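A.B. asks: These protein sequence lines map, in sequence, to chains Z and D.
Residue numbering for the first sequence follows this note's numbering, beginning at 17 and increasing consecutively.
Residue numbering for the second sequence follows this note's numbering, beginning at 17 and increasing consecutively.
We put the CB at the ideal spot given by N, CA and C, even for glycine.
Since this is a predicted model, take the numbers as computed values, not measurements.
2 protein chains.
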Amino acid sequence: MKIGELAKATATKVETVRFYEKAGLLPPPARTDANYRSYGPAHLQRLSFIRRARDLGFSVDAVRDLLALADDRGKPCGAVDAIASGHLAEVERKIADLSAMREELTRVIGSCRHNTVADCKIIETLGPRVAATTETPA
Amino acid sequence: MKIGELAKATATKVETVRFYEKAGLLPPPARTDANYRSYGPAHLQRLSFIRRARDLGFSVDAVRDLLALADDRGKPCGAVDAIASGHLAEVERKIADLSAMREELTRVIGSCRHNTVADCKIIETLGPRVAATTETPA
DNA sequence: TATGCACCCTGTAGCAACTACAGGGTCAAG
DNA sequence: CTTGACCCTGTAGTTGCTACAGGGTGCATA
Numbered sequence: 017m018k019i020g021e022l023a024k025a026t027a028t029k030v031e032t033v034r035f036y037e038k039a040g041l042l043p044p045p046a047r048t049d050a051n052y053r054s055y056g057p058a059h060l061q062r063l064s065f066i067r068r069a070r071d072l073g074f075s076v077d078a079v080r081d082l083l084a085l086a087d088d089r090g091k092p093c094g095a096v097d098a099i100a101s102g103h104l105a106e107v108e109r110k111i112a113d114l115s116a117m118r119e120e121l122t123r124v125i126g127s128c129r130h131n132t133v134a135d136c137k138i139i140e141t142l143g144p145r146v147a148a149t150t151e152t153p154a
Numbered sequence: 017m018k019i020g021e022l023a024k025a026t027a028t029k030v031e032t033v034r035f036y037e038k039a040g041l042l043p044p045p046a047r048t049d050a051n052y053r054s055y056g057p058a059h060l061q062r063l064s065f066i067r068r069a070r071d072l073g074f075s076v077d078a079v080r081d082l083l084a085l086a087d088d089r090g091k092p093c094g095a096v097d098a099i100a101s102g103h104l105a106e107v108e109r110k111i112a113d114l115s116a117m118r119e120e121l122t123r124v125i126g127s128c129r130h131n132t133v134a135d136c137k138i139i140e141t142l143g144p145r146v147a148a149t150t151e152t153p154a
């Protein structure tokens with residue numbers, strides 16, 4: 017498939033596809049006689065992953081890291097485990113935050129349905145992480 | 017609290033705090049006689065929300081939108097509902113994607129524990145969304 | 001009292017990750 | 001054989017920070 021088709025299939029701009037190639041996330045595809053990029057299904061799969069991982073707030077470096085998990089067949093188990101475990105922790109943190117947001121959004125929408133206009137407490141759902149409050153607890 | 021304390025409490029750079037003020041996400045705080053920014057607990061709460069929402073892949077515009085949900089007391093129910101519903105759908109999509117990633121990461125880590133080095137199928141977990149495959153199904 | 005030193009201020013410039021042209025080639029349809 | 005939709009490379013702009021430069025504040029302490 018040509019770059020435009022790949023871009024459309026993944027809701028990506030053509031320029032962004034080329035950008036990911038330059039950035040080393042997407043391997044350079046074969047070229048046609050006219051020097052057009054020619055992609056296969058593996059590229060589609062990979063670009064799809066990149067786009068969705070980026071949408072989830074992973075940096076390009078983190079995505080490169082995750083892709084390496086799938087690419088490097090011969091990596092020692094320990095290294096794979098360390099990388100995967102780190103990302104798993106991050107993923108679980110994000111799921112927890114999003115679940116809190118989902119609850120609050122659902123509550124607000126629900127109150128709307130009952131015409132009560134409960135004031136949205138969404139900010140409270142992602143409050144300061146317990147760390148350093150300089151004394152003075154609630 | 018001073019900007020440095022606020023920054024530390026939210027794991028943010030001081031410059032970033034000032035940037036959010038300029039961007040209209042964080043309201044300009046009171047100033048001391050020496051022209052130092054002086055923040056209260058509401059600022060802490062709000063900045064915390066901003067940071068975590070950004071980490072979840074929401075754009076600054078989207079965050080502004082979510083903050084407005086909490087700020088605009090007098091908004092008509094319908095508008096609130098529309099905004100909240102849109103974001104709820106996005107949140108649920110993200111939770112689904114992260115859950116898929118979590119499962120695969122868990123599987124890879126588990127296989128490592130058994131010294132089997134299952135090849136990581138993480139890319140497949142976030143494959144192309146059903147949309148336009150130009151014919152040729154599996 | 002002064003002299004560090006850590007912190008604050010307002011700029012402006014740089015970096016990451018796209019995004020949008022400019023200027024030009026390819027190719028199927030009419 | 002031209003017209004329109006697509007492709008190419010390259011560079012410049014945008015967003016969301018991040019890092020100085022150049023200068024003021026404030027508290028400890030010599």
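1. With DSSP collapsed to three states, give me the class of Z:R129.
2. Residues of chain D with a CB under 9 Å from the CB of Z:D97: which are they?
3. In the structure shown, what three-state DSSP assignment does Z:R68 receive?
4. Just curious, the alpha helix (DSSP H) that Z:T141 is in, first and last residue?
5. Which residues, in order along the segment 28 to 40 of chain Z, keep a beta-carbon less than 8 Å from a beta-carbon of chain D?
6. For Z:I155 and D:L114, which I take to be in contact (beta-carbon distance under 8 Å), what is that distance rounded to the nearest angstrom?
7. Alpha carbon to alpha carbon, what distance is there between D:R123 and Z:P153?
8. Is the segment 50 to 57 of chain D touching the segment 19 to 32 of chain D, taking contact as three or more C-beta pairs under 8 Å?
9. Under three-state DSSP, which class holds Z:A27?
10. Between the C-alpha atoms of D:T28 and D:R67, what's the straight-line distance to the nearest angstrom?
11. In whole angstroms, what is the alpha-carbon distance linking D:K135 and D:T141?
12. Pull up the distance between the alpha-carbon of Z:A100 and that of Z:A86, whole angstroms please.
13. Note down, in chain order, each residue of its chain lying with its Cβ closer than 7 Å to the Cβ of D:A39, except the 5 sequence neighbours on either side.
14. Taking Cβ positions, are D:G73 and Z:L72 nearer each other than 9 Å?
15. Please report the residue range of the alpha helix (DSSP H) in which D:L85 lies.
16. Is it buried or exposed, Z:E119, if we count other Cβ atoms within 10 angstroms and call 16 or more buried?
17. Tell me the rounded alpha-carbon separation between Z:A95 and Z:F65.
18. Output the distance between the C-alpha atoms of Z:A25 and D:P144, rounded to the nearest integer angstrom.
19. Within 9 Å (strictly less), CB to CB, does D:G143 reach chain Z?
20. DSSP state of D:A39, grouped into three classes?
21. Roughly how many angstroms separate the alpha carbons of Z:I162 and D:L63, rounded to a whole number?
22. Anyone know if the C-beta pair for Z:L82 and D:V107 falls short of 9 Å?
23. Rounded to whole angstroms, what's the CA-CA distance from Z:A98 to Z:A69? Just pull it up for me.
24. Assuming the contact rule is C-beta atoms closer than 8 Å, Z:M117 and Z:I138 should be a hit. Round their C-beta distance to whole Å, please.
25. Of all the CB atoms in chain D, is at least one closer than 9 Å to the CB of Z:R53?
26. Taking only three categories from DSSP, how would you classify Z:A148?
27. Rounded to whole angstroms, what is the Cα-Cα separation between Z:H59 and Z:P92?
28. Can you pull the chain D neighbours of Z:L72, defined as C-beta to C-beta under 9 Å?
29. Rounding to the nearest angstrom, what Cα-Cα distance links D:R34 and D:D49 in this structure?
C.D. replies: The structure says:
1. helix
2. V124, I125, C128, R129
3. helix
4. 138 to 141
5. none
6. Coverage of chain Z is limited to positions 17 through 154, which leaves residue 155 of chain Z absent and any answer about it impossible.
7. In this predicted model, Z:P153 has a pLDDT of only 36, less than 50, meaning its place in the structure is not dependable; the value taken from the coordinates is given anyway. Each residue's alpha carbon lies about 41 Å from the other.
8. yes
9. coil
10. 8 Å
11. Checking the sequence, you will find Asp at residue 135 of chain D rather than Lys. Whole-angstrom Cα-Cα distance: 13 Å.
12. 11 Å
13. V76
14. yes
15. 76 to 87
16. exposed
17. 22 Å
18. 7 Å
19. yes
20. coil
21. Lying before the first or after the last residue shown, residue 162 of chain Z is absent from chain Z, which here runs from 17 to 154.
22. no
23. 19 Å
24. 7 Å
25. no
26. Note that Z:A148 scores a pLDDT of 40, beneath 50, so its modelled location is shaky; the value from the coordinates is reported in the next line. If DSSP states are grouped into helix, strand and coil, Z:A148 belongs with coil.
27. 26 Å
28. L72, G73, K110, D113, L114, M117, L142
29. 19 Å
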